[in-house]
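Chains as they are written, first to last, in the numbering used here: chain A, 1114 to 1395; chain B, 151 to 178.
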């Protein structure tokens, strides 16, 4: 009485399920970047006698340059090319179709970064806790705060940091998220107001000479340079990264009731971020 | 008992699209 189908990976039902999975996975994140569907690896549809179906999907996702706080639809985001160290997510996703509506009920992801295209003279991704890179981010924030009138920002999260060897020393490239802050003396605290202004910034330059541009989620701020008077150093309220994480990874979520649908890859699961408590649809 | 021959004459090359994995949207 149970019907098992293996439709083509590029079939409409596979594409529909994969896009639901992509949006669901992106909605799980509070840090890092949105991921875009790259390829549907496999699909199986189990249809029960009551007509409800379970989709077991294996998909390949690629990191985009849109931060998860950026309201830009993932379809309009740019996938990072290999040369900029692409980050790939492989996910097993279980979805249920009840009454025609597809919902994700479980997933498991592992994340890997491309290493094969690293070249001499190119930007190389640095660990998010790299001291020199974080100093560069802090210098970028000071540069930014020097040119913003009546408003100060503090660091919410560092998204990416990379460096390149040039004649004047290491050149850094950084991406970070800022939030409006209340600053007194040398201490800045993020505004708790949910309407506090947030932005996604990119900085480029030598260690103490960053050029910064910020996108305040649809408002592009002017590019500035580092010729302003320095303000007191701001304590970085950086999203904490432990161990040797090099990038933001896809969250791993596991529904024990559907464990049979998810492939057993315990060794690979060790690479994912510690499991977030599952909040599964009833 | 009679048997039914279901053999169909093949007149051209068979091009079977791979079922899975699907197309690569960006790069492999």
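For every residue, glycine included, the Cβ atom is placed at its ideal position computed from N, Cα and C.
Residue i to residue j span [Cα, whole Å]
i, j, result
"residue 1343/A", "residue 1255/A", "At residue 1343/A, the pLDDT of 33 sits below 50, so the modelled position is not reliable; the number obtained from the coordinates is stated separately. Taking the straight line from one Cα to the other gives about 7 Å."
"residue 171/B", "residue 1173/A", "10 Å"
"residue 1269/A", "residue 1309/A", "12 Å"
"residue 1283/A", "residue 1320/A", "7 Å"
"residue 177/B", "residue 1194/A", "8 Å"
"residue 1333/A", "residue 1278/A", "Confidence at residue 1333/A is low in this model, with a pLDDT of 45, below 50, so the placement of that residue is unreliable and no value is reported for it."
"residue 1294/A", "residue 1201/A", "34 Å"
"residue 1325/A", "residue 1267/A", "14 Å"
"residue 1280/A", "residue 1238/A", "19 Å"
"residue 1171/A", "residue 1307/A", "36 Å"
"residue 1122/A", "residue 1131/A", "10 Å"
"residue 1286/A", "residue 1328/A", "16 Å"
Endpoints, the alpha helix (DSSP H) within which residue i is located
i, result
"residue 1135/A", "1125 to 1140"
"residue 1244/A", "1244 to 1260"
Same chain, Cβ closer than 7 Å to residue i, neighbours up to 5 away in sequence not counted
i, result
"residue 1296/A", "1265"
"residue 1129/A", "1215"
Own chain residues within Cβ distance below 6 Å of residue i, not counting five before or after
i, result
"residue 1192/A", "1149, 1175 and 1177"
"residue 1338/A", "Bear in mind that the predicted position of residue 1338/A carries a pLDDT of just 45, short of 50, making it too unreliable to give a figure here."
"residue 1167/A", "1159 and 1209"
"residue 1188/A", "none"
Option nearest residue i by Cα separation, candidates the options
i, options, result
"residue 1247/A", "1162/A, 1187/A and 1275/A", "1275/A"
"residue 1117/A", "1306/A, 1164/A, 1328/A and 1206/A", "1164/A"
"residue 1289/A", "1134/A, 1273/A, 1169/A and 1140/A", "1273/A"
"residue 1271/A", "1233/A, 1314/A and 1151/A", "1314/A"
"residue 1141/A", "1260/A, 1217/A and 1328/A", "1217/A"
"residue 1207/A", "1299/A, 1235/A, 1134/A and 1298/A", "1134/A"
"residue 1169/A", "1120/A, 1262/A and 1225/A", "1120/A"
"residue 1305/A", "1316/A, 1292/A, 1298/A and 1312/A", "1292/A"
Boundaries of the beta strand (DSSP E) in which residue i is found, first to last residue
i, result
"residue 1294/A", "1282 to 1297"
Close beta carbons around residue i, own chain, < 8 Å, minus the five adjacent residues each side
i, result
"residue 1115/A", "1159, 1160, 1161 and 1162"
Pairing CB atoms from the region 1169 to 1183 of chain A with CB atoms from the region 1140 to 1153 of chain A, are three or more of them under 8 Å? yes
Can at least three beta-carbon pairs, one atom from the region 1232 to 1251 of chain A and one from the region 1208 to 1220 of chain A, be found at a separation below 8 Å? no
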